[in-house]
Amino acid sequence: MVEVRSRFVTFHPPANARFLIGDFTDWDKRPIPISDPLTLEFPPHAYVEYAFLDAQGQPFPDPDNPHKAQNPWWSYPRAIELPGFRYEAPPRPSSEGKGVHRHRLESKVFGSTRRYYVYEPSQSPRATLYIQDGVAYYRTAQFADIAEALCEYGEIEPLRMVFIEPEDRRTEYWFNPKYEEFLLQEIIPAVEGHYGKTEQRGLWGASLGGVVSAWLAWRNPQLFQVVGTQSACLTLEPGGNDSYTAPEWLTQQYAQAERLPLRFYCETGQIEWLLAPNRRFAAMLQDKGYPHAYTERPSGHNWMTWRQGLAPGLRYLFGKAR
């Protein structure tokens, strides 16, 4: 059971609970011991996802909270919405554009069959956005529908979207030259050979997908002009395996290099371990003079945060006002 008072939430543990976990503990990375009611303070108007661990370290939901979280990975998180929380629903189109086309590619780089989806807008596209974790962005976030709606309303230029699905995202997105080769030498030529080139190319991703998007743009500014990151996992370094406390290597590379011809939309949740690294990345962009927008939301490392940033990000990167 939980009690909510303004910004304060009191968690009443079930009999078999030994730890409290959530975005505020990096889930199982920093579980909070709990045997009696525990009160925590959160940002105003926050959306919070949480669960409990038993004595064997197994997660389970709060039996007294029926509000399931908007979490595509696990079934046990439950959600709390603090007073004033408001979900900003993305716009919906009246039509479906030209639809989404499924493709398979025999990758020589990875030696396996890869799949990707291409969304063609109802009007001739001016830009192409390459999206990491493509299936989740296509199905869970319905990113293509949002782009079509904004185009329909005259808010953005017509935009093609390429939804790329990894096999081992941790390995492929961790500054992996093979993934760069796969995208540049296989995916992009296949897409442009079939659908044609556009004036602009961009990259988009969340978490590890966000950091690999920023890394690819840093290495290939002649190919990409815009980057969208959501809760980018900036606590990485090449050759490492720590995604929580490692040096913020990519931020350092951008800081030490000359300003590149790139435009960024960046956002993160206020209830996640990546808040400070993303703030520092945004501060670096400001110091270097990059055109960028940076947004924080009172939620965590989840789709409640990311879905709300899709329309604002597209408006900033591809808006007709530009």
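One rule links them: number in my numbering = place in the sequence shown (from 1) + 74. Glycine included, every Cβ here is placed at the ideal spot set by N, Cα and C.
In this structure F82 is exposed. Its beta-carbon is surrounded by fewer than 16 other beta-carbon atoms within 10 angstroms. For E155, DSSP records a beta bridge to Y121. For D219, the CB contacts under 7 Å within the same chain, skipping 5 residues up- and downstream, are R166 and P167 in chain order. DSSP places G270 in no alpha helix (DSSP H); its state is neither H nor E. Residue burial annotation: P151 is buried, with at least 16 other C-beta atoms found within 10 angstroms of its C-beta.
Excluding the 5 residues flanking it on each side, P295 has same chain C-beta neighbours closer than 7 Å at L334, P335 and L336, in chain order. For M235, the enclosing beta strand (DSSP E) begins and ends at L233 to I238. Using a Cβ-Cβ distance cut-off of 8 Å, the stretch 229-243 and the stretch 307-324 are not in contact, since fewer than three pairs of beta carbons, one from each stretch, lie closer than that value. Rounded to the nearest angstrom, the Cβ distance from Q197 to Y247 is 32 Å, too far for a contact under 8 Å. Check the Cα spacing between P117 and each of Y161, N315, E155 and G387: the tightest is with E155. When C-beta atoms of the stretch 371-385 are compared with those of the stretch 118-132, three or more pairs fall below 8 Å, so the two segments count as touching.
In this chain, the alpha helix (DSSP H) harbouring F392 covers L384 to F392. Here the stretch 267-276 does not lie against the stretch 303-316, with fewer than 3 beta-carbon pairs under 8 Å apart. For S186, the uninterrupted beta strand (DSSP E) run begins and ends at S186 to Y193, by DSSP. Within the stretch 261-336, the complete alpha helix (DSSP H) segments at least 4 residues long are 262-269, 282-293 and 323-330, listed from N- to C-terminus. Straight-line spacing of the CA atoms in V76 and Q130 works out to 23 Å.
Of G228, I106, F237 and N315, the smallest CA-CA separation from Y204 is found for F237. Spatial neighbours of V300 in its own chain (CB-CB distance under 6 Å, excluding positions within 5 residues in sequence) are listed in chain order as G276, R337 and L391.
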